[in-house]
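So the structure is just underneath, and the comments pick up after that.
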Amino acid sequence: MPTDMTRGPIFPMLMRFMLPLLIGDIFQRLYNMADTIIVGRTLGENALAAVGATGGFMYLVTGFAIGITAGFTVLTAQRYGAKDAGGVHASVSGGILLGLGLTALLTALFLPMVPAVLTWMNTPAAIFPDALAYMRIICAGTVCTVFYNLFSAYLRAVGNSRAPLFFLIFSACLNVGLDLLFIIRFGMGVAGAARATVLAQGISALLCALYIWRRVPGLIPQKGEWRPRKAVLRFELKMGLPMALQYAITDSGIMIQQAAINLFGATAVAAFTAASKIQSLLMQGMIAMGQTMATYCGQNRGAGRFDRIKAGVRLAVIVEVIYSVIAMGLMVFPLRALMGLFFSGGADLPAMIPWASAYARICITCYVPLAMIFIFRSGMEGCGYAMLPLACGLTELFARGLTAAAGMRLHSFAVAAACDPAAWLAAGIVSALMFRWMFADMRRKAEPVRQSIS
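The numbering of the sequence shown is this note's numbering, which starts it at 526 and goes up by one.
Here it is as structure tokens:
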């Protein structure tokens with residue numbers, strides 16, 4: 526059911542909304558880990574390294590889609606908070622039309638780039654063919670990624686975080702089942718893992734659309750409301766493009782880091798891939814709070830409740846500092862045991878542990894700034910200040926690029942692994958300063974959101 530976040534006690538409301546998101550995000554990471562485990566244990570160390578070596582590029586493709594669709598739904602959350610049913614309908618129709626154009630553009634842009642990008646990323650020759658096959662299928666299935674994320678974001682925009690959880694769990698289970706079918710039964714190899722991911726997202730997107738059609742009529746535009754409205758399209762692009770670019774810029778930095786890691790060979794890449802999967806699972810508490818703050822700030826911005834925005838952000842910061850400290854311990858102590866899940870007995874696990882441990886111990890030093898990035902960046906996006914997070918992304922790109930260049934020049938894995946914490950520390954400071962400026966600017970202007978799209 527939709528949730529009105531403009532009234533009522535803040536802390537329990539945030540926790541109730543965040544919990545399904547957290548469960549869903551954890552489930553998604555668990556199935557991503559299962560996907561990696563299936564590849565590693567059935568196809569071997571090199572196959573896992575091939576999937577891992579494409580990580581930065583894959584994040585770029587999916588991150589761009591996630592960012593721009595999240596931007597399209599900022600207006601939905603704001604209009605819902607302002608109790609403007611017509612504005613909600615206009616935002617949905619505009620977002621779907623833009624999503625169709627986005628799909629064609631991204632597919633045409635990314636698909637031809639795959640071989641050149643993998644070469645630029647220093648992908649080892651032994652794993653290049655598998656990496657190429659994997660990324661070509663992922664890029665060809667961009668339509669599934671775009672609309673799965675768009676429909677889920679519409680539900681979250683009106684405060685419904687439970688339905689996206691259901692569809693995420695369904696997609697995860699379907700993906701794992703298809704992995705087993707395509708890889709083990711049909712012998713499709715790494716390409717089978719990519720096909721499973723695309724097909725699972727496509728089916729989930731269709732089911733999510735059907736759910737909205739039958740259960741959330743408030744999101745369905747009427748017959749005469751599908752006509753494009755320039756003001757709405759302009760506003761959604763104004764929000765979506767900077768958010769997409771922010772993801773793209775951040776993920777470009779990850780690609781640069783991956784290029785540095787790839788220089789150390791397939792064993793280091795496999796260890797880095799497994800350790801980063803474990804770390805991504807621990808990051809889900811931070812990501813879920815960020816998703817919560819985007820909807821919370823968006824609705825309260827639409828209602829003009831600046832006091833609630835400030836109070837909610839303060840509570841989120843306290844929760845995430847505590848969570849970050851817990852995550853630090855969980856990343857280091859069970860790492861050796863968790864690494865064993867990803868590989869069969871034939872893998873040289875003792876050779877991988879030093880690479881993975883070095884990466885983990887370096888990264889945990891900046892978990893608190895990382896958590897702050899998700900809170901402040903998502904809050905700025907929800908309030909409609911989409912250009913500010915873009916600057917945070919540029920900060921991450923600069924910090925990652927500088928550190929990766931140093932790692933490649935010095936041929937130091939430790940320096941290359943420090944790309945993540947360097948980016949988190951720099952962007953965490955910048956995002957906090959920008960959020961403070963945004964809040965002051967927003968209160969100073971104190972103008973209804975409606976005027977900005979009329």
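Just so it is clear, CB atoms sit at the ideal spot from N, CA and C, and this is done for glycine as well. Just so we're clear, the structure is a prediction, and the values are computed from it rather than from any experiment.
Anticipated Cβ contact below 8 Å, residue i with residue j, distance rounded
i    : j    : result
L600 : M764 : 7 Å
A947 : Y892 : In fact, because the Cβ distance is near 14 Å, the residues do not count as touching under 8 Å.
M864 : C917 : Not quite, the Cβ-Cβ distance comes to about 32 Å (not below 8 Å), so this is no contact.
N700 : V741 : N700 to V741, Cβ: 25 Å. No contact.
P914 : M713 : Not confirmed; about 38 Å, so no contact.
F901 : A971 : That belief does not hold up - the Cβ atoms of F901 and A971 are roughly 21 Å apart, past 8 Å.
N787 : T648 : 6 Å
P545 : L732 : Wrong, their Cβ atoms sit about 17 Å apart, outside the cutoff.
Cutoff 7 Å; reference residue i; Cβ partners in own chain excluding five residues on either side
i    : result
S903 : G815, Q816, M818, A819
M967 : F831, C908
P753 : G619, L622
A688 : L680, Y736
V844 : M814
L950 : C891, P894
M905 : L913, P914, M959, F960, M963
S882 : L860
I547 : Inspection of the sequence shows that residue 547 is occupied by Leu rather than by Ile. Only Q809, G810, A813 meet the Cβ criterion.
S931 : The sequence shown places Ala at residue 931, rather than the Ser named in the question. Around A931: V940.
A610 : G743
F899 : M811, I812, M814, G815
V642 : F582
6 Å Cβ shell around residue i - same chain, five flanking residues per side excluded
i    : result
S805 : R554
M933 : A785
G612 : R604
Y910 : M963
T594 : N674, L675, A678
L744 : V617, Y679, I737
H614 : P746, E750
Y821 : M530, G837
L631 : T667
R515 : A query on residue 515 cannot be resolved here, the shown segment of the chain reaching from 526 to 979 and no further.
L706 : none
I978 : The predicted position of I978 is uncertain, since its pLDDT is 47 and thus under 50; a value taken from the coordinates is nonetheless stated next. A756, F760, listed in sequence order.
I803 : L863
Nonlocal neighbours in the same chain, by C-beta distance under 8 Å from residue i, ignoring five residues either side
i     : result
A734  : F672, F676
R925  : G778, I779, I781, Q782, C944, D945, A947, A948
F789  : W880, F938, A941
L927  : A947
V955  : A916, C917, T920
F542  : T528, M530, G684, S686, T817, T820, Y821
R1047 : Summary: the structure shown does not reach residue 1047, with the chain confined to residues 526 through 979, and so no result is reported for it.
V846  : V893, A896
H936  : L788
Residue i: CB within 7 Å of a non-hydrogen atom of the ligand FMN
i    : result
G577 : Annotation note on the ligand FMN: not contained in the displayed structure, which lists no ligands.
Beta-carbon gap between residue i and residue j smaller than 8 Å
i    : j    : result
G549 : Q824 : no
A716 : I652 : no
A795 : M660 : no
A602 : G827 : yes
R833 : V857 : no
L866 : I562 : yes
C664 : L636 : yes
D776 : G953 : no
R466 : F868 : Shown here, the chain extends from 526 to 979; a query on residue 466 therefore has no answer.
F552 : I694 : yes
L657 : V639 : yes
A559 : D655 : no
Y848 : A896 : yes
T598 : A682 : yes
Cβ contact (3+ pairs, closer than 8 Å) linking the stretch 580-589 and the stretch 808-823: Cβ pair count under 8 Å is below three, so no.
Contact between the stretch 567-579 and the stretch 796-805 (3+ Cβ pairs under 8 Å): yes
Touching by the beta-carbon criterion (3+ pairs, under 8 Å), the stretch 726-740 and the stretch 661-681: yes
Given 8 Å, three or more beta-carbon pairs between the stretch 751-759 and the stretch 537-551: no
Given 8 Å, three or more beta-carbon pairs between the stretch 763-779 and the stretch 843-857: no
Contact between the stretch 747-754 and the stretch 707-723 (3+ Cβ pairs under 8 Å): no
Sufficient close CB pairs (3 or more, under 8 Å) joining the stretch 875-891 to the stretch 834-846: no
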